[in-house]
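Report on the following structure.
Residue numbers (our numbering): 10 to 302.
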């Protein structure tokens, strides 16, 4: 299935240009985590059979307002330097095997059609297109052969990154820096996540193109490793890493991530709230000695 969150906290199943509203089959009421999170928490996604969905109201996909599939995930986990070509491009001496994973703020999530807000007017912000994993079952110390059993599905993601002096978690956690969506495709439709093509475009120009076969830690290895560090809960998301081709984005740009068998995520870029780096809270200030002119 292809799950989509739309309008006011509605959960839909997308199919051939339409979306069927299955919210009535989701346990619980409206919540900040959204209807897909409620479905995952209840473990009842398997109850959404074709028979139960038949007859529910449907609308053209073009008529709905697409929301983030998981607006407030419990954890957003990132995989640094997980493609060899990106390692070379960044002149990085280490890979994920040395660096491990990092965390991004869940408040950085936006959805398809949203706007990435550049925080600084004088610091480069890059696009990083990534296959994103949605966890479906609690995972702790999961061996690699069993890891995919804990995956609910996959979506498109962007890991926006400021090139400044702070650590990864800070540089990647600004508001709007984790676009996700538009759909989450369930794992049964993608039994082999290691053979997907990923393309990232900026203003229609291809910047990144890769196969997930080139991941240093594939999805199973990444889930297994992450679960050895922290407990993974349903609704947690893992950004699997980006290939070569990252580059700066600017006010007015349009960024698109397309992944085969999943779909295409598009966001806009705005510098409306950007300020000089030296004006950030806590930035060192130049002091004037008493008596100086």
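Note that beta-carbon positions come from the ideal geometry of N, C-alpha and C, so glycine has one too.
Count the other CB atoms within 10 Å of the CB of residue 216; is the residue buried (16 or more) or exposed (fewer)?
As a working mapping, residue 216 is identified with position 207 in the chain shown. So residue 216 ends up on the buried side.
Between the alpha carbons of residue 32 and residue 243, how many angstroms are there, rounded?
The sequence position of residue 32 within the chain shown is 23, counting from 1. The sequence position of residue 243 within the chain shown is 234, counting from 1. When rounded, the distance between both Cα atoms is 18 Å.
Keeping to the same chain, check which residues put their C-beta closer than 7 Å to that of residue 123; ignore five residues upstream and five downstream.
The count along the chain shown starts at 1 and reaches residue 123 at position 114. Result list for residue 123: 185, 188 and 276, in chain order.
Please list, in chain order, all residues of the same chain as residue 231 whose beta carbon is under 7 Å from its beta carbon, the five residues on each side excluded.
Taking the first residue of the chain shown as position 1, residue 231 is located at position 222. Around residue 231: 88, 247 and 249.
CB residue 106 to CB residue 253, shorter than 9 Å?
Within the chain shown, numbered from 1, the residue matching residue 106 stands at position 97. Within the chain shown, numbered from 1, the residue matching residue 253 stands at position 244. No, Cβ-Cβ distance for residue 106 and residue 253 is not below 9 Å.
Hey, how far is the Cα of residue 155 from the Cα of residue 229?
For this step, residue 155 is matched to residue 146 along the chain shown. For this step, residue 229 is matched to residue 220 along the chain shown. The alpha-carbon atoms of residue 155 and residue 229 are separated by roughly 8 Å.
In the DSSP output, which residue or residues are listed as bridge partners for residue 287?
Reading the chain shown from its first residue, position 278 is the one you call residue 287. For residue 287, which the question treats as bridged, DSSP gives no partner whatsoever.
Below 8 Å, how does it come out for the region 59-66 and the region 23-30: are there three or more Cβ pairs, yes or no?
yes
For residue 211, does the count of other Cβ atoms within 10 angstroms reach 16, so buried, or fall short, so exposed?
The residue you call residue 211 lines up with position 202 of the chain shown. Residue 211 comes out buried.
By alpha-carbon positions, which one of 18, 206 and 138 ends up nearest to residue 37?
In the chain shown, counting from the first residue as 1, residue 37 sits at position 28. The candidate whose alpha carbon is nearest that of residue 37 is 18.
From what residue to what residue does the alpha helix (DSSP H) around residue 108 run?
For this step, residue 108 is matched to residue 99 along the chain shown. That run of the alpha helix (DSSP H) goes 105-108.
With respect to the beta strand (DSSP E) encompassing residue 188, which residues constitute its N-terminal and C-terminal limits?
As a working mapping, residue 188 is identified with position 179 in the chain shown. Counting along the chain, the beta strand (DSSP E) containing residue 188 begins and ends at 187-195.
By how many angstroms is the C-alpha of residue 213 removed from the C-alpha of residue 47?
The residue given as residue 47 occupies position 38 in the chain shown. The residue given as residue 213 occupies position 204 in the chain shown. Distance between the alpha carbons of residue 47 and residue 213 is about 36 Å.
Name, in chain order, the residues that DSSP records as bridge partners for residue 170.
Indexing the chain shown from 1 puts residue 170 at position 161. Looking at the DSSP assignment, residue 170 forms a beta bridge with 135.
Give the secondary structure of residue 21 by DSSP, where H, G and I count as helix, E and B as strand, and everything else as coil.
The residue given as residue 21 occupies position 12 in the chain shown. Strand, per DSSP.
If contacts are defined as beta-carbon pairs under 8 Å, then residue 167 and residue 266 qualify, I think. What distance do you get, rounded to the angstrom?
Against the chain shown, residue 167 aligns to sequence position 158. Against the chain shown, residue 266 aligns to sequence position 257. About 6 Å; that satisfies the 8 Å criterion.
Can you tell me whether residue 298 is buried or exposed, with buried defined as 16 or more other CB within 10 angstroms of its CB?
For the purposes of this step, residue 298 is taken as the residue at position 289 of the chain shown. At residue 298 the pLDDT is 49, less than 50, meaning the model places this residue with poor confidence; the figure from the coordinates comes in the next sentence. Under this definition residue 298 is an exposed residue.
Just tell me which of 26, 224, 145 and 101 has its CA closest to the CA of residue 197.
Locating residue 197 in the chain shown gives position 188, counting from the first residue. Of the listed residues, the one whose Cα sits closest to residue 197 is 145.
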